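The structure under discussion appears below in the form of structure tokens.
Number of protein chains: 2
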Amino acid sequence: MTAPADANSWQAIHAELMRRIAERVWQPGDPVPHEVDLAAEFGCARATVNRAMREIAQAGFIERRRKAGTRVALNPVRRATLEIPITRIDVESRGMAWRYELIERQFAHPSQIVAARMGLAADVRLLHVRARHFADGKPHLYEDRWIHTAVVPGALDADFSAVSANEWLVQNAPFTRGDVTLSAANASTIEARLLNTPENAALFIVERLTWHAFDPITHVRLVYAPGYRMEMTI
Amino acid sequence: MTAPADANSWQAIHAELMRRIAERVWQPGDPVPHEVDLAAEFGCARATVNRAMREIAQAGFIERRRKAGTRVALNPVRRATLEIPITRIDVESRGMAWRYELIERQFAHPSQIVAARMGLAADVRLLHVRARHFADGKPHLYEDRWIHTAVVPGALDADFSAVSANEWLVQNAPFTRGDVTLSAANASTIEARLLNTPENAALFIVERLTWHAFDPITHVRLVYAPGYRMEMTI
DNA sequence: AAGTGGTCTAGACCACACC
DNA sequence: GTGTGGTCTAGACCACTTC
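If you read the sequences in order, they're chains A and B.
Using this note's numbering, you'd call the opening residue of the first sequence number 733 and step up by one each time.
Using this note's numbering, you'd call the opening residue of the second sequence number 733 and step up by one each time.
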């Protein structure tokens with residue numbers, strides 16, 4: 733035991749409730765005592781129990797409904813959290829030297845797929861930015877990005893040969909919502925050349941679409957060089 | 733606008749603070765007014781401001797330190813959350829029929845890599861379970877799992893031909909912590925046969941190691957059939 | 001030493017869902 | 001209607017950190 737926080741801290745109560753769930757004192761599907769009763773049991777205010785139970789509900793272990801009460805979840809949906817840093821910081825935090833190279837920057841029509849995902853008409857023109865990131869001199873990531881300049885006009889003046897679009901957007905175009913899709917794909921001829929890897933090598937793909945309210949900001953396809961592993965914790 | 737919650741709900745304050753951050757009223761690195769002052773501005777209790785700011789800090793947009801105060805984060809580390817359902821439910825929620833097939837169940841020595849990851853001696857024997865999941869009759873997922881029966885003795889009696897190890901463990905062996913690694917790999921000969929796909933096809937791989945306190949429960953390698961996409965939101 | 005965020009309390013009212 | 005969780009308040013004390 734290392735300083736279990738005061739006996740009546742919400743964290744202590746959180747831990748005790750989690751123990752009862754984990755050790756099946758309260759079985760899946762069972763009702764959990766009401767906040768008032770637990771507050772009485774622990775000798776604390778209801779708000780403190782509420783704080784503990786709110787966190788447990790957020791983590792998916794219990795389900796709460798007004799009037800109906802609280803129950804231990806039958807199928808606890810575990811949530812893993814993934815931290816998405818700026819690529820430069822990601823590479824540097826692994827102790828490698830980061831370098832960045834702009835391949836192309838021009839206005840163009842996105843593919844139908846990209847336009848559809850962004851919810852844009854087919855004839856819209858977007859800023860197309862292609863670039864490579866290197867780690868210790870070796871190709872690490874190929875980035876194929878479309879920027880909706882109507883929403884982020886400042887992107888027109890940005891020098892993406894000096895600052896990566898990734899970093900510029902994080903600093904200048906905050907987003908309110910994003911969709912991320914992870915997948916695997918065999919290297920195309922172009923990707924194989926850019927990442928210095930055999931054709932058909934299995935590559936880890938991240939596609940990210942970010943929004944500001946209801947306006948799409950940018951769609952990016954990140955193609956990682958073979959060997960890349962994305963790590964998360966539950 | 734749809735019922736923006738009372739003007740002084742923590743959510744309204746949360747939204748207003750987020751707006752000031754997004755629209756750079758408060759620039760990255762800038763100090764944010766103190767809780768007391770914001771409470772005065774909004775005409776609410778400090779606890780309400782605290783609730784709003786706590787959520788913002790959790791999301792990574794501001795950094796808070798006692799005495800030092802609160803600042804807008806310079807490099808907001810975005811966190812994406814991934815929901816990890818039971819495979820059966822994952823498949824069924826996509827409107828497909830789920831089927832499961834046990835391939836092998838036996839005690840064996842895990843590979844050095846797996847043993848090392850689980851922090852176990854090289855001579856330990858674990859329960860090795862290999863299985864396939866089908867979606868609408870087509871191979872969907874190949875699962876290669878090692879179960880530490882010293883920690884989960886009940887697994888010895890479980891009938892993994894009737895219940896998937898995935899589901900059995902979720903219901904019977906709660907874990908406190910898990911490491912998840914995502915990657916891509918070319919299909920091996922065996923994997924290609926089991927997933928009915930060409931050799932060298934790019935496959936999406938999930939490796940998951942779960943712990944109960946400091947005891948490793950299970951290590952599983954999930955190999956998804958081509959075309960699998962994992963979706964998350966930020 | 002002092003300022004700031006972190007938390008707890010006791011009480012209250014409200015929203016929602018079930019009856 | 002009525003019970004349960006969701007939230008707000010006003011005040012208080014505490015923990016951490018910088019000064």
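Ideal placement from N, C-alpha and C gives every residue a C-beta, glycine not left out.
Note that the structure is predicted; figures quoted are calculated from it, not measured.
| Asked | Found |
| --- | --- |
| Residue interval of the alpha helix (DSSP H) (run including residue 908 (chain B)) | Premise fails: residue 908 (chain B) is in no alpha helix (DSSP H) and is neither H nor E. |
| Residue 694 (chain A) burial status per 10 Å Cβ neighbour count (16 or more: buried) | One cannot answer for residue 694 (chain A) here, as it falls past the ends of chain A, which runs 733 to 966. |
| 6 angstroms Cβ shell around residue 933 (chain B) - same chain, five flanking residues per side excluded | 919, 958 |
| Short Cβ contact (8 angstroms threshold) for residue 804 (chain B) with residue 759 (chain B) | yes |
| Helix, strand or coil at residue 753 (chain B) according to DSSP, with G and I counted as helix | helix |
| Per-residue contacts from residue 910 (chain B) into chain A (C-beta, under 8 angstroms) | 810, 812, 965, 966 |
| Which of helix, strand or coil DSSP assigns to residue 818 (chain B) | coil |
| Within 9 angstroms of chain B by C-beta, residues of the region 923 to 936 of chain A in sequence order | 932, 933, 934, 935, 936 |
| C-alpha gap between residue 963 (chain B) and residue 817 (chain A), whole angstroms | 18 angstroms |
| Own chain residues within Cβ distance below 8 angstroms of residue 793 (chain A), not counting five before or after | 750, 753, 804, 805, 808 |
| Per-residue DSSP class, three states only, for residue 885 (chain B) | helix |
| Assumed close pair residue 951 (chain A), residue 849 (chain A) - CB separation to whole angstroms, cut-off 8 angstroms | 6 angstroms |
| Identity of the residues DSSP links to residue 951 (chain B) by a beta bridge | B:878, B:941 |
| One or two residues paired with residue 764 (chain A) in a DSSP bridge | A:802 |
| Cβ contact (3+ pairs, closer than 8 angstroms) linking the region 825 to 833 of chain A and the region 860 to 876 of chain A | yes |
| Straight-line gap, residue 940 (chain B) to residue 897 (chain B) (C-alpha atoms, nearest Å) | 13 angstroms |
| Per-residue burial, residue 858 (chain B) [other beta carbons within 10 Å of its own, 16 or more giving buried] | buried |
| Contact set for residue 740 (chain B): own chain, Cβ-Cβ below 8 angstroms, skip 5 residues either direction | 774, 775, 776, 780 |
| Proximity to residue 821 (chain B) [Cα-Cα], best of B:865, B:757, B:796, B:917 | B:865 |
| Interface partners of residue 782 (chain B) on chain A, CB under 7 angstroms | Those within 7 angstroms of residue 782 (chain B) in chain A number zero; the least Cβ separation is about 12 angstroms. |
| For residue 1051 (chain A), the first and last residue of its enclosing beta strand (DSSP E) | Outside the displayed span of chain A (733 to 966) sits residue 1051 (chain A), for which this structure offers no information. |
| Whole-angstrom distance between residue 926 (chain A) and residue 966 (chain B), CA atom to CA atom | 29 angstroms |
| Residue span of the alpha helix (DSSP H) that contains residue 923 (chain A), given as start and end | 921 to 927 |
| Of the residues B:791, B:884, B:878, the one placed nearest residue 906 (chain B), counting alpha carbons only | B:884 |
| Cβ-Cβ separation, residue 854 (chain A) to residue 844 (chain A) (assumed contact under 8 angstroms), whole Å | 6 angstroms |
| Any C-beta of chain A under 8 angstroms from that of residue 736 (chain B) | Unreliable placement is indicated for residue 736 (chain B), whose pLDDT of 35 sits below 50; the coordinate value is still reported in the next sentence. So, not an interface residue. |
| Neighbour-count burial assignment, residue 986 (chain B), 16 or more Cβ in a 10 Å radius | The displayed coordinates of chain B run from 733 to 966. Any statement about residue 986 (chain B) would go beyond what the structure contains. |
| Selection from B:791, B:787, B:877 that minimises the alpha carbon distance to residue 743 (chain B) | B:787 |
| CB contact flag (residue 802 (chain A), residue 764 (chain A), <8 angstroms) | yes |
| Local Cβ density within 10 Å of residue 936 (chain A), reported as buried at 16 or more and exposed below that | buried |
| Cβ pair residue 961 (chain A), residue 942 (chain B) closer than 8 angstroms | no |
| Straight-line Cα distance separating residue 824 (chain A) from residue 796 (chain A) | 43 angstroms |
| Under 8 angstroms from the C-beta of residue 961 (chain A): neighbouring residues of chain B | 913, 914, 915 |
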